[in-house]
Amino acid sequence: MQVEHRIAVAASPEVIFDIYADVENWPTWDPDTKRASIDGSFQVGSDGRLTPTKGSTVPIVLTKVVPAKCFTVESKIPLFRLLFEHELTRVPGATEVVHRVTLSGLLSIVLGHIVQEATQLRSSRHAAKPEGTCGGSKCGPTILAPGTA
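Under numbering that gives the first Met the number 0, the sequence shown has 144 at position 145, and the numbering climbs by one with no breaks.
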């Protein structure tokens, strides 16, 4: 099962990638992440841990890192594998940001629906917020409504 979300952000791919590379601050832009860390630098092969807001801490590994372009994180637990892909594409006046989650393994049937519902809810929250705000406070680059880039 795969879930994908696209949005335009009024910032360069380099600025957005720097935000991605600051793993300890992932909870500031990902509402489903309570805590995240990696051992070492933001490069292929770096291991770490991610604690979702609902759930237990899981191991993660960076499997692909291309500065200002993309990065991929993989997490494996018994009977379940998550692949988180993040892609940045420069478009006129903005950057198209793609977050894609691919779930596999026996538990993906059960957990896939939970991930899909959470992603759809988060997408509707982004669409409802004024540009450049996160719950009334500044949250970094301005998020543009899908299709406005």
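From the three backbone atoms N, C-alpha and C, an ideal C-beta is built for every residue, glycine too. Remember, predicted model here, so these are calculated numbers, not experimental data.
I need the DSSP call for residue 46, collapsed to helix, strand or coil. strand
On a CA-only basis, which of 11, 2, 37 is nearest residue 21? Give me that one, please. 37
Could you spell out where the beta strand (DSSP E) holding residue 13 opens and where it closes? That residue, residue 13, is in no beta strand (DSSP E); its alpha helix (DSSP H) goes 12-20.
Could you tell me whether the segment 27-47 touches the segment 102-109, using the rule of 3 or more Cβ pairs below 8 Å? no
By the DSSP assignment, the beta strand (DSSP E) with residue 73 in it spans what residues? 69-76
Only counting the same chain, and skipping five residues up and downstream in sequence, which positions put a Cβ closer than 6 Å to that of residue 101? 1, 82
Among the residues of its own chain, which have a CB less than 6 Å from the CB of residue 89, if the five just before and after it don't count? 12
DSSP beta-bridge partners for residue 6? 96
Run the CB neighbour count on residue 94, radius 10 Å, all protein chains shown included, and call it buried at 16 or more, exposed below. buried
Where the beta strand (DSSP E) through residue 61 begins and ends: 57-65
Where does residue 51 fall in DSSP's three states? strand
Could you name the residues of the same chain whose beta carbon sits closer than 6 Å to that of residue 25, not counting the 5 residues immediately before and after it, in chain order? 32, 35
Inter-residue spacing [alpha-carbon to alpha-carbon] between residue 16 and residue 56: 24 Å
Nearest candidate by alpha-carbon position, reference residue 84, set 70, 43, 6: 70
Mind checking which residues open and close the beta strand (DSSP E) that includes residue 40? First-last for residue 40: undefined, no H or E at that position.
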